[in-house]
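A short write-up of the structure that comes next.
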Amino acid sequence: MRFDLMYESFFKIVEGIPLTLQVVSISTILGIFLAVAVALMRISGSKFMSLPAYYFVYLIRGTPLLLQLYFVYYGLSQFEFIRESILWPLLKEPYWCGIITLTISTGAYSSEIIRGGILSVSKNYIEASDALGLSQVKTFMLVTLPITVRQALPAYGNELILMVKASSLISIVTLMEITGIARTIISKTYAPVEIFLVAGSIYLAINFIIVIFVNLAERRLGIEKATQGL
Amino acid sequence: MFDVFALGPTGWGDEMLMGAVMTVLVSSSSLLLGITIGIIFAACKLSNFFILRAIAEVYTTIIRGIPELLVIYLLFFGGSSAVMYLAKIFGYMGYIELNAFTIGTIAVGAISGAYSTEVIRGAVNSVPKGQFEVGKTLGLSGYSLYGKVIFPQVARIALPGIGNVWQITLKDTALISVTGLVEIMRQSRIAAGSTHEPFIFYTAAIILYLLITRLSNIFFDIAEKKYSKGYVSKEAI
Chain B
0 MRFDLMYESF FKIVEGIPLT LQVVSISTIL GIFLAVAVAL MRISGSKFMS LPAYYFVYLI
60 RGTPLLLQLY FVYYGLSQFE FIRESILWPL LKEPYWCGII TLTISTGAYS SEIIRGGILS
120 VSKNYIEASD ALGLSQVKTF MLVTLPITVR QALPAYGNEL ILMVKASSLI SIVTLMEITG
180 IARTIISKTY APVEIFLVAG SIYLAINFII VIFVNLAERR LGIEKATQGL
Chain C
0 MFDVFALGPT GWGDEMLMGA VMTVLVSSSS LLLGITIGII FAACKLSNFF ILRAIAEVYT
60 TIIRGIPELL VIYLLFFGGS SAVMYLAKIF GYMGYIELNA FTIGTIAVGA ISGAYSTEVI
120 RGAVNSVPKG QFEVGKTLGL SGYSLYGKVI FPQVARIALP GIGNVWQITL KDTALISVTG
180 LVEIMRQSRI AAGSTHEPFI FYTAAIILYL LITRLSNIFF DIAEKKYSKG YVSKEAI
């Protein structure tokens, strides 16, 4: 063990944390909107809405994230019309390609979580709010959504951790986040174990903090009580 | 447009199919290794020894909290020297280099092992205690108890979970392409680079992955039916 090297590389790898967090949080936030849209399409009851949503989720969950990233970064740029379109300033940057890919990926995975949450809302609640004269929009905002959030939060916590892990792939398209810096140091110093321990601990720390926050939110929303009551 | 996929030396069709075969091979061997690791660590997690439980807990927490890519880099850059270090203890001084397939299998196997551990632990836990007691009362022990009574029940409960682990494993093997193993991902990169047609080849790769997923879903459905034979759910009674 070369502890001096671990100490030195720690300060270099730490510099990658902001980029990791930035990419993860931007794509998570954008991904939630996509996920809600896809989930609503799937349970809409109309085939024109639910089938495209079903195939979208099937496609994303059935293929590796790395392949999706290559597809967006290398595959799309092949076409003249994309290079001339207004999206090109975004699609030529590995940073935005990473965010787009991660957003699509988390959108597909979380749409299933959200769909499960919405479906778990008991019909009795909907009927009750119908009986109280609430409109469909109000029923969704005031009844379905709060219960869905409660139901989906534990699974969504897992999804957040998967996102932090998935963000390491953007290092393959030259972005220097935690894994990217770690890889560069490994190939320079040839000390894989030491660097792995440093970078791995940083990831574990990030994920540990996420778990704490999710647990806090769960307690705040009274999830134990709610699941007992249902 | 499709002549790039011609079979033989003029196109990439056969190379892509070989890549798919390699993906299936490396995924299956990783899954087998993963299930083996899973059985061992599930036994550790269910044991009465604190140290065994702690080791298993540390293993699953680390693997599930750290990016797969880092694990693969660790084994890619450190795997050969670790094996040589072990070999030195046993008196072998020569140079050993692990090939990309072995490194990939170990790396992805270690990852899927962590997920399998949880699946198998859950399945063992959900076999009612009465089953053990009845088996013992009937005078069964060893293989006849665990092999004939407990295992079929664990297999039935664990199969859907193992199906999920297989999906994760299959997708994780795409990451091994960074170590140079020529599977679907690597092959489509090579083809895309030399033909300047990335869109077509990445689309082909997507189709190949979806096909493998589809076929393995059918396989797992059949297996689930086979292991549910004779099982009547409580609701049905």
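Residue numbers (numbering that gives the first Met the number 0), protein chains in the order written: chain B, 0 to 229; chain C, 0 to 236. Don't be surprised by glycine CBs; every beta carbon is placed ideally from N, CA and C. Being a predicted model, the structure only gives us computed values, none of them experimental.
For Lys-170(C), the C-beta contacts it makes with chain B under 8 angstroms involve Thr-62, Pro-63, Leu-64, in order along the chain. Between Pro-93(B) and Tyr-72(B), the gap from beta carbon to beta carbon is short of 8 angstroms. For Tyr-58(C), no CB of chain B lies under 8 angstroms from its own CB, so it is not counted at the interface with that chain. Contact between Gly-18(C) and Thr-168(C) fails: their C-beta atoms lie close to 17 angstroms from each other, not under 8 angstroms. Within chain B, Leu-65 have C-beta atoms less than 7 angstroms from the C-beta of Leu-174(C), given in sequence order. Per the coordinates, the alpha-carbon of Ala-42(C) lies some 9 angstroms from the alpha-carbon of Arg-52(C). Bounds of the alpha helix (DSSP H) holding Val-210(B) are 191-219.
Scanning its chain for C-beta atoms nearer than 7 angstroms, with the 5 sequence neighbours on each side dropped, one finds around Ile-113(B) the residues Ala-34, Val-35, Ala-38, Thr-147, Ala-151, in chain order. Against chain B, the beta carbon of Glu-196(C) has neighbours under 8 angstroms at Gln-77, listed in chain order. Residues of the stretch 200-221 of chain C with a C-beta less than 7 angstroms from any C-beta of chain B: Tyr-201, Ala-204, Ile-205, Tyr-208, Leu-209, Thr-212, listed in chain order. As the crow flies, the alpha-carbon of Leu-168(B) is around 47 angstroms from that of Gly-129(C). Taking the C-beta atoms as reference points, Asn-206(B) is found no nearer than 8 angstroms to Ile-177(B).
Ile-95(C) and Leu-50(B) have their C-alpha atoms spaced approximately 52 angstroms apart.
Taking a Cβ-Cβ threshold of 8 angstroms, none of the residues of chain B is close to Tyr-84(C); the smallest such distance is about 11 angstroms. Linking Val-210(B) to Ile-88(C) through their CA atoms gives a straight-line distance of about 41 angstroms.
Contact check for Val-56(B) and Ser-110(B): beta-carbon distance about 6 angstroms, within the 8 angstroms limit, so the pair qualifies. The beta carbon of Ile-12(B) sits closer than 8 angstroms to those of Ile-177, Ile-180, Ala-181, Ile-184, Ile-194, Val-197, Ala-198, Ile-201, all from its chain and outside the five residues before and after it, given in chain order. Counting C-beta pairs with one atom in each stretch, the stretch 169-177 of chain C and the stretch 13-29 of chain C have three or more that are closer than 8 angstroms, which means they touch. Taking Thr-100(B) as the centre and dropping the five residues before and after it, the same chain places the C-beta of Gln-67, Leu-68, Val-71 closer than 6 angstroms to its C-beta, in chain order. Those residues of the stretch 63-82 of chain C placed with their C-beta closer than 9 angstroms to a C-beta in chain B are Arg-63, Gly-64, Ile-65, Pro-66, Glu-67, Leu-68, Leu-69, Val-70, Tyr-72, Leu-73, Leu-74, Phe-75, Phe-76, Gly-77, Gly-78, Ser-80, Ala-81, ordered along the chain. By the rule that beta-carbons nearer than 8 angstroms mark a contact, Lys-11(B) does not touch chain C. No Cβ-Cβ contact shorter than 8 angstroms links Leu-180(C) with Leu-68(C).
Taking CB atoms only, Ser-167(B) has a neighbour in chain C less than 8 angstroms away. Contact annotation: Thr-62(B) and Tyr-208(C) have beta-carbon atoms nearer than 8 angstroms.
Within the stretch 46-83 of chain C, the complete alpha helix (DSSP H) segments of 4 residues or longer fall at 49-64, listed in chain order.
Non-local beta-carbon contacts of Asp-13(C) in its own chain, meaning distances under 7 angstroms to residues more than five positions away in sequence, involve Leu-6, Gly-7 in chain order. In the three-state reduction of the DSSP assignment, Ser-28(C) falls in the helix class. The alpha carbon of Gly-112(C) has as its nearest neighbour, out of Ile-189(C), Lys-135(C), Trp-165(C), the alpha carbon of Trp-165(C). If you draw a straight line from the Cα of Arg-185(C) to the Cα of Tyr-155(B), it is about 32 angstroms long. The contact set of Arg-182(B) on chain C, defined by CB atoms closer than 7 angstroms, consists of Tyr-72 in chain order. Here Ala-106(C) is not near Ile-161(C), since their CB atoms are 8 angstroms or more apart.
With a cutoff of 8 angstroms on beta-carbon distance, Thr-188(B) and Leu-75(B) are scored as not near each other. Using a Cβ-Cβ cut-off of 8 angstroms, Val-177(C) is close to Ile-171 of chain B, given in chain order.
Approximately 6 angstroms separates the beta-carbon atoms of Val-192(B) and Gly-77(C); this is inside 8 angstroms, confirming the contact. For Val-192(B), at least one C-beta of chain C is nearer than 8 angstroms to its own C-beta.
Cβ proximity to chain C below 8 angstroms picks out Phe-195, Ala-198, Gly-199, Tyr-202, Leu-203, Asn-206, Phe-207 from the stretch 193-220 of chain B.
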